[in-house]
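Student: Residue numbers (this note's numbering): 362 to 931.
By construction, the Cβ of each residue, glycine as well, lies at the ideal position given by its N, Cα and C atoms.
Keep in mind it's a predicted model, so treat the numbers as computed, not measured.
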Amino acid sequence: MEYQVTAARRRPQRFEDLLGQDFVAATLQKSIESGKIAHAYLFSGPRGCGKTSSARILAKALNCETGTVATPCGVCTSCREITAGSNIDVIEIDGASNTSVNDVRQIKDEILFPPNVSRYKIYIIDEVHMLSTSAFNALLKTIEEPPPYVVFIFATTELHKVPATIKSRCQHFNFKLVDIEVLKQALADTAAELHIQADDEALYWIAREATGSVRDCYTLFDQVAAFSDGHITFEKIQTTLGLTGTDSIGALLSACVQKDAAAALLTLDGILQNGVSTEQFTVDCTNYLRSLLLIRQGITKESLIGQRAERFPQEILTTWGAQQLERALYLFLQLFKDLRYSLNPRYELELAVSRLAWLSDYVSPQELKAAFDAAQQVLTGGAVGTAPVPKAVFSSSAPAQPVKAPVSGGGAPQKGGAGSPFFKPGSSSSPKPADSTPASQPKQAASPPPLTVDSIEELKEALMQQLQIEHTMLATALGKTLNWRETDGTLFISVHTPFEVQQLQREKNVLAQKAAALYGKDLKIQITLAEEKTVQASVPARVEMVLRNLKGTIIDIRKKVIEEELEETE
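1) Name the DSSP bridge partner or partners of arginine 846?
2) Reducing DSSP to helix, strand and coil, say where histidine 592 ends up.
3) Per DSSP, tyrosine 484 is paired with what?
4) Look at the alpha carbon of valine 644 and the alpha carbon of glutamate 687, and state the distance between them as a whole number of angstroms.
5) According to DSSP, is threonine 572 helix, strand or coil?
6) Could you tell me the distance, in whole angstroms, from the CA atom of tryptophan 566 to the CA atom of aspartate 450?
7) Taking just the CA atoms, how far does serine 664 sit from cysteine 617?
8) In whole angstroms, what separates the C-alpha of aspartate 883 from that of valine 724?
9) Leaving out the 5 sequence neighbours to the left and right, which residues in its chain are closer than 7 Å to alanine 689 when beta-carbon positions are compared?
10) Can you give me the Cβ contacts of alanine 622 inside the same chain, cut-off strictly under 6 Å, excluding the 5 residues immediately before and after it?
11) Contact defined as beta carbons within less than 8 Å: I believe alanine 368 pairs with arginine 569. What is the distance between those atoms, to the nearest angstrom?
12) Flag this pair as yes or no: are the beta carbons of isoleucine 452 and tyrosine 484 separated by less than 7 Å?
13) With glutamine 829 as the anchor, note down where its alpha helix (DSSP H) starts and where it stops.
14) State the beta-bridge partners of phenylalanine 534 as determined by DSSP.
15) What does the Cβ neighbour count give for alanine 876, buried or exposed, with the cut at 16 atoms within 10 Å?
16) Helix, strand or coil for threonine 607, going by three-state DSSP, please let me know.
17) Quick check: the Cα distance between isoleucine 324 and arginine 375, rounded to an integer number of angstroms?
18) In three-state DSSP terms, what is leucine 678?
19) Whole angstroms are fine: how far does the CA of glutamine 619 sit from the CA of leucine 532?
20) Among Pro674, Gln829, Lys885, Ile830, which residue has its Cα nearest to the Cα of isoleucine 854?
21) In this structure, how does DSSP classify alanine 563 when only helix, strand and coil are distinguished?
22) Find the nearest neighbour of asparagine 459 within the set Glu818, Thr429, Leu492, judged by alpha-carbon distance.
23) Are the CB atoms of aspartate 487 and threonine 413 nearer to each other than 7 Å?
24) Grab me the residues of leucine 835's own chain with a C-beta within less than 6 Å of its C-beta, minus the 5 sequence neighbours each way, in chain order.
25) For glycine 573, count neighbouring Cβ atoms within 10 angstroms of its own Cβ and tell me buried if that reaches 16, exposed if not.
26) How long is the line joining the alpha carbons of alanine 387 and isoleucine 666, rounded to whole angstroms?
27) Suppose the cutoff is 6 Å on Cβ atoms and the five residues either side in sequence are ignored; what does the same chain contact list for glycine 611 look like?
28) In the region 625-653, which residue ranges form an unbroken beta strand (DSSP E) of at least 3 residues, counting only runs that do not cross its ends?
29) With 16 as the cutoff for other CB atoms within 10 Å, does phenylalanine 588 come out buried or exposed?
30) I believe threonine 628 touches leucine 710 by the beta-carbon criterion, under 8 Å. Please report the beta-carbon distance rounded to the nearest angstrom.
31) On the CB-based measure, 16 or more other CB atoms within 10 Å of its CB, does glutamate 363 come out buried or exposed?
32) Buried or exposed: which applies to valine 385, given that a residue is buried once 16 or more other Cβ atoms fall within 10 Å of its Cβ?
33) Where does leucine 555 sit, in a helix, a strand or coil, going by DSSP?
34) Indicate whether cysteine 425 and cysteine 410 have their beta-carbon atoms separated by less than 7 Å.
35) Do serine 405 and leucine 520 have their CB atoms nearer than 7 Å?
36) Short of 8 Å in beta carbon distance, which residues of its chain neighbour arginine 669, apart from the five on each side in sequence? Order them along the chain.
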């Protein structure tokens with residue numbers, strides 16, 4: 362017997378044989394059984410989903426010699442001729458080859474004559490969207506009021522190109538993509554029919570590559586079966602079709618997880634040396650990363666990930682979180698777009714792999730926001746410790762300790778009370794009575810009690826405590842200052858850097874007001890830059906000669922600019 366491809370041999374001959382089109386099959390069968398047969402049908406949907414097969418089954422159901430039945434017999438002369446495409450009353454027309462008005466005129470002339478031997482004269486126009494606008498317009502009157510013995514069946518993969526005037530005159534049936542599980546079961550039945558042993562993993566891969574098309578699924582199956590020697594395995598498919606093995610991709614990503622960029626690039630070189638193209642590797646790696654992301658989200662459905670979840674290294678799943686896998690998948694999706702316009706596609710691929718090597722250090726925007734929120738709570742003196750601070754973002758050998766508010770109760774002397782360095786005998790301040798608030802409840806971070814100090818050293822600490830709540834940044838800046846001295850009503854504060862000078866200069870009024878309240882007299886604030894120790898550095902011979910001849914000196918321009926700015930501020 363002459364060889365037939367699987368797509369032709371397993372073409373559906375009854376509505377029950379259609380894969381994944383239950384709604385279409387049930388609706389057409391009910392219409393035929395009730396005798397409500399429309400004069401025009403429009404079948405739309407992706408390629409290889411059964412549009413033309415459904416049109417032929419409908420033609421057989423209408424012209425079957427046993428009568429107009431929902432399930433044609435398939436053995437009568439009419440059914441066999443329609444299956445073979447030789448029935449003179451069922452005319453199949455290729456819309457891509459017959460696009461002109463003259464072709465439509467021929468149809469208009471032919472429908473005037475009744476069918477020769479069948480019950481209906483049926484016109485099946487495939488790819489009807491290819492007809493010209495004039496041809497569509499010439500067809501309008503014909504499909505609106507055809508003779509009672511004429512039925513039109515249109516099929517198209519691009520519904521948006523069909524005019525609305527045509528759609529409104531037809532019963533529209535939308536065919537959908539077939540589920541992977543359905544395709545996999547159809548492939549298993551085909552393999553059993555041909556006495557071919559096939560692994561489930563290989564069948565799932567074929568069904569997934571078909572992207573919902575039954576014809577594409579059977580075509581790829583024929584190709585794989587031709588070189589599999591009676592046993593279809595996933596490894597044979599990878600080797601023969603030039604795909605990247607999952608083990609190779611797993612080894613490359615494992616090296617990236619360990620931050621070993623050199624090992625990852627060498628693994629990539631070995632994969633490309635085996636004849637795998639950069640585009641194919643990009644596609645395979647993208648599918649692999651997608652599967653990893655699904656597994657990381659808890660999805661282990663084999664029809665979705667394409668293979669068993671056990672084949673993926675646990676090291677990758679435990680080290681990279683969902684954010685890192687999303688970032689990796691985005692990198693390769695973007696890489697596939699860039700390959701078309703790249704100077705060298707291999708360079709683009711190596712760059713993407715090198716970026717994967719530091720992906721473990723990637724911090725998502727959500728994690729950064731959580732870290733900033735936690736830092737804000739620490740700096741503003743809020744509920745410290747209520748929000749966890751990510752260790753990867755905040756790490757320091759000597760973390761700064763927040764200034765604690767005075768707590769009453771207990772036997773230890775309190776600030777502002779007797780025995781405290783801030784207590785001034787004879788002042789109006791007096792120790793507050795013990796607070797009756799339970800110790801389990803935190804005290805409100807309200808304004809601290811008024812304090813008085815005797816010395817400049819005590820003034821610095823008291824100011825920091827007073828400003829901790831309302832002026833946190835200013836209190837932090839005061840903690841970094843160096844020497845404090847008071848001369849003739851002027852408080853001189855020296856700092857390290859010009860930035861600190863400007864920062865404290867802007868808040869001089871606040872400092873003066875707070876210092877006067879604590880120290881008991883008005884103070885003028887003077888911010889100065891600390892004198893740096895001169896270090897005798899080696900002066901080049903040419904510079905030394907110029908200094909000697911011109912009797913010049915080396916000055917610090919930065920310090921001079923700061924001094925000029927301070928003079929202008931004064």
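Tutor: So, from the data block:
1) Phe853
2) strand
3) Ile452, Phe513
4) 16 Å
5) coil
6) 42 Å
7) 27 Å
8) 50 Å
9) Leu650, Leu717, Leu720
10) Ser715, Ala718
11) Contact flag wrong, Cβ pair sits at about 18 Å.
12) yes
13) 817-831
14) Phe404
15) buried
16) helix
17) Outside the modelled stretch of the chain, which goes from 362 to 931, sits residue 324, for which no answer is possible.
18) helix
19) Just to set this straight, residue 532 is glutamine in the shown sequence, not leucine. Approximately 60 Å between the Cα atoms of the pair.
20) Lys885
21) helix
22) Leu492
23) yes
24) Leu828, Glu868
25) buried
26) 32 Å
27) Pro674
28) none
29) exposed
30) Going by Cβ atoms, the distance from threonine 628 to leucine 710 rounds to 12 Å, so no, they are not a contact pair.
31) exposed
32) buried
33) coil
34) no
35) yes
36) Glu562, Glu663
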